[in-house]
Amino acid sequence: FNIYTYNTIFSVKTKLMVFDMAGTTVNENGIVYKTLFKTLNQYGLSVTEKDIEKWHGSNKYHALEHFLYKVPNLSEHFLLSNDDMFFNKTVLPTTFFAKDGFPIIRLNRKPFRRFRWFLREQIFKKPHKLYSKALFNAAELVKHKFGVFYNGLPHHNLDSYLKSDCLRVAEHIFKNEIDLTKMNHFRSANDIQRIVYSYVALAEKRGHLQYVSSKESLHVHIQKDRHYEKLKKFNPTFFCMNDTEYADDND
């Protein structure tokens, strides 16, 4: 419950307020987490009830991403998509993995990222969004460990990974830091976005950096007509379509 939410609620004439119910205002006997536990194990993930306890109150897709590399028979080379993503052209395995087997890591180029972070935080005194902090935390961890800071940000589409790299990062290289985030019931300032796996791959020379252009990857907001024009103009290989709080049924 952050200040933005507080101000939004009480700056309007609120007639009805609904809070999170499961386990908060209604005793549902843990059915949410029992269902999560059952679902994960049905799909072959070796997850214990103790593991699930760490994720009470957290976003469930974070829990799934955390256990993803434990999926039985998951290929060493795999792709991850957790949004409305589309192929606009024919793709091949070589679209995602180079001849040496390492992933092609697509990022949006963001030069002067650390400087812009400093300006916003220290000069303009504007708070950073928690998602932005999670991305920055990942980059700072890699900078501290490997001595290189990556300015690139997710291109908001399919990402390529090696299962063995994900395991090493989560269970060895940054185990303590990632374990600390498992106790967060809400998005928190110490969250670590999964881009940390890609940054480590780049730092260890186990991935190939490729900055995307609009001809390769586009992020489309369904309520913005100019985004559809860009989609027609650039005809990218990948695109993602998202709604936001500004979209309505007409969109």
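Residue numbers for the sequence shown follow my numbering, so the first one is -6 and each next one is one higher.
Backbone N, C-alpha and C fix where the C-beta goes; we use that ideal spot for every residue, glycine too.
Any idea what DSSP makes of I245, helix, strand or coil? Shown here, the chain extends from -6 to 244; a query on residue 245 therefore has no answer.
What residue does the beta strand (DSSP E) around H220 start on, and which one ends it? Here H220 belongs to no beta strand (DSSP E); instead the alpha helix (DSSP H) covers 218 to 227.
Buried or exposed (CB count within 10 angstroms, at least 16 for buried), A163: buried
Considering only the alpha carbon of each residue, which of E222, Q216, Y221, C233 lies closest to Y239? Q216
Which whole-angstrom value describes the C-beta separation of L134 and I185, a residue pair presumed to lie in contact below a C-beta threshold of 8 Å? 7 Å
Using only the alpha-carbon positions, how far apart do N101 and E21 sit? 43 Å
Using CA atoms only, rank isn't needed, just tell me which of L73, F111, I116 is closest to C159. L73
Confirm, please, whether the CB-CB distance from D93 to C233 is below 9 Å. no
Whose CA, out of T88, K82, T32, lies closest to the CA of V64? T32
How is D44 classed by DSSP in three states: helix, strand or coil? helix
Residues near Y192 by beta carbon distance below 7 Å, same chain, minus five either side: A131, A132, V135, Y143
Where do the ends of the alpha helix (DSSP H) carrying V213 lie? Not the alpha helix (DSSP H): V213 falls in the beta strand (DSSP E), residues 210 to 214.
Euclidean distance between Cα positions of T41 and M10: 35 Å
Looking at C-alpha atoms only, which residue of K126, I45, L85 is the closest neighbour of V189? K126
R273 to H121, Cα distance in whole Å? An answer regarding residue 273 cannot be provided, because it is not within the stretch -6 to 244 covered by the chain.
Assign T230 to buried or exposed, taking buried as 16 or more other Cβ atoms, counted over all protein chains shown, within 10 Å of its Cβ. buried
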